[in-house]
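Okay, so the sequence shown: first residue is 356 according to the numbering used here, each after it adds one. Where is the CB? At the ideal position from N, CA and C, for every residue including glycine. Note that the structure is predicted; figures quoted are calculated from it, not measured. Working notes for the structure below.
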Amino acid sequence: MHAAHILVVEDDRSIGAALCNALQREGYAAELACTRQQASAAADRARFDLVVLDIGLPDGSGLDLLRRWRSGDRATPVVAVTARGGIEDRIKGLDAGADDYIAKPFEIRELMARVRAVLRRPGGALGELLALGNVELDTVRRRLRIGGHLENAPRREVAILETLMRQANIVVNRDTVMRAAYAADEHATQNALEANISRLRQRLMQGGAEVEIHTIRGVGYLLRESP
Ligand code: CA
């Protein structure tokens, strides 16, 4: 199983860095955003498995950001963090679409327990099980199964496949696939993407997948069931 990718949104850099370190020690991939704007940009360019979201941010409320994510169809689980532990804030946070809630000051190990619990939640309300042919992808646990058999696919390939499965039978623009597969600060090239797609194709073929990825030259990629 691959490391869950977690976005930490926290304007206090020392707290944010401590949270990222703690998450990394637990085996997660963690990224820090210090403003609402940074958080918004991060969530637009990469897929996260979970967001730890400080509500009090210098450039606006984390709740507004969360509401905006939820009114779009971003279902990424969110653990909201606030300085105030009042029942009103808690209710507002949950109403805005948070999956869990923790009030400052908190112990890092309590936050870790909440992160684990939210990530463990079965697909259900939060996660999605995408399926095409005999291929199944659990988008929360990042698990790929071909014909019921669990495949140990790298995160990037899973991200590519997820993007294509969400728009199966439709040509997906190359840039869209690129954005799903690479972080903005990664030096992604068309060749690198092609190499990843080609490894993914190989994996699908070897696993006996009843789906195929077609390259539509100059446009993008198309995933469909094998004829
Ligand atoms: Ca804050």
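In the structure shown, S416 falls within a strand segment according to DSSP collapsed to helix, strand and coil. If you draw a straight line from the Cα of N551 to the Cα of L449, it is about 38 Å long. Closer than 7 Å to some heavy atom of ligand 1: that does not describe the Cβ of G382.
Here DSSP, grouped into helix, strand and coil, assigns R500 to strand.
N528: not part of any alpha helix (DSSP H); member of the beta strand (DSSP E) spanning V526 to N528, first to last residue. Here the alpha carbon of L505 sits roughly 43 Å from the alpha carbon of I442. Less than 8 Å separates the beta-carbon of A435 from that of G417. For I463, the enclosing alpha helix (DSSP H) has its first and last residue at I463 to R475. For the options M520, A396, L516 and Y576, the alpha carbon positioned closest to that of L555 is the one of L516.
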